[in-house]
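In UniProt numbering, the protein residues as written are 1 to 92.
Each residue gets a CB set at the ideal place from its N, CA and C atoms; glycine is no exception.
Notes follow once the structure below has been shown.
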Amino acid sequence: MIFRAHISNLHKSCTQETLLKEFKGYSNILEIKVPKNKYGYNKGYAFIDFSSSVEYLRFIKENNGTFINGKPIKIRKSKNSPLNENMVIYKK
Numbered sequence: 001m002i003f004r005a006h007i008s009n010l011h012k013s014c015t016q017e018t019l020l021k022e023f024k025g026y027s028n029i030l031e032i033k034v035p036k037n038k039y040g041y042n043k044g045y046a047f048i049d050f051s052s053s054v055e056y057l058r059f060i061k062e063n064n065g066t067f068i069n070g071k072p073i074k075i076r077k078s079k080n081s082p083l084n085e086n087m088v089i090y091k092k
């Protein structure tokens, strides 16, 4: 099962490499997707896929509001990400 986090409020210079470096401590990251506009900048959001629900929830709890390239990012559960009804997402 894949658990997808949606990250928003990214600085326009933030890249996949930036996020890989920032979140290198999470071993269950499967993929990081950073959609780009026609000028080559990100669209202000990204998706990170996890193979572990435990690490996925820890990621959201530990990183929501973290500053990357001078902007606080917002992290939430992606609409398409499965979550057991018994799981609780940390909210600030």
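Apart from the five residues just before and just after residue i, which ones in its own chain have a Cβ nearer than 8 Å to its Cβ?
i          : result
K36        : N42, K43
residue 94 : Here the chain comprises residues numbered 1 to 92, so residue 94 is not present and cannot be evaluated.
Ordered along the chain, which non-local residues of its own chain (more than five positions away) have a Cβ less than 7 Å from that of residue i?
i           : result
E31         : D49
E55         : Y26, N28
residue 93  : Here the chain comprises residues numbered 1 to 92, so residue 93 is not present and cannot be evaluated.
residue 102 : Nothing in the structure corresponds to residue 102, since the chain is present only between 1 and 92.
Might you give, ordered along the chain, the residues of its own chain that have their beta carbon closer than 6 Å to the beta carbon of residue i, omitting 5 neighbours on each side?
i          : result
M87        : With a pLDDT of 44 at M87, under the threshold of 50, the modelled position of this residue cannot be trusted; read the value that follows with caution. Same-chain partners within the cutoff: there are none.
E85        : Confidence at E85 is low in this model, with a pLDDT of 40, below 50, so the placement of that residue is unreliable and no value is reported for it.
S53        : F3
residue 93 : This structure gives no information on residue 93, because the portion of the chain shown stretches from 1 to 92.
P72        : G65
By alpha-carbon positions, which one of the options ends up nearest to residue i?
i   : options            : result
G25 : I75, R76, N63, G70 : N63
I60 : A46, K71, F47, K77 : K77
G65 : K74, Y39, S51      : K74
In chain order, which continuous runs of the beta strand (DSSP E) of length 3 or greater are located wholly inside the region 7-59? 29-33, 45-50
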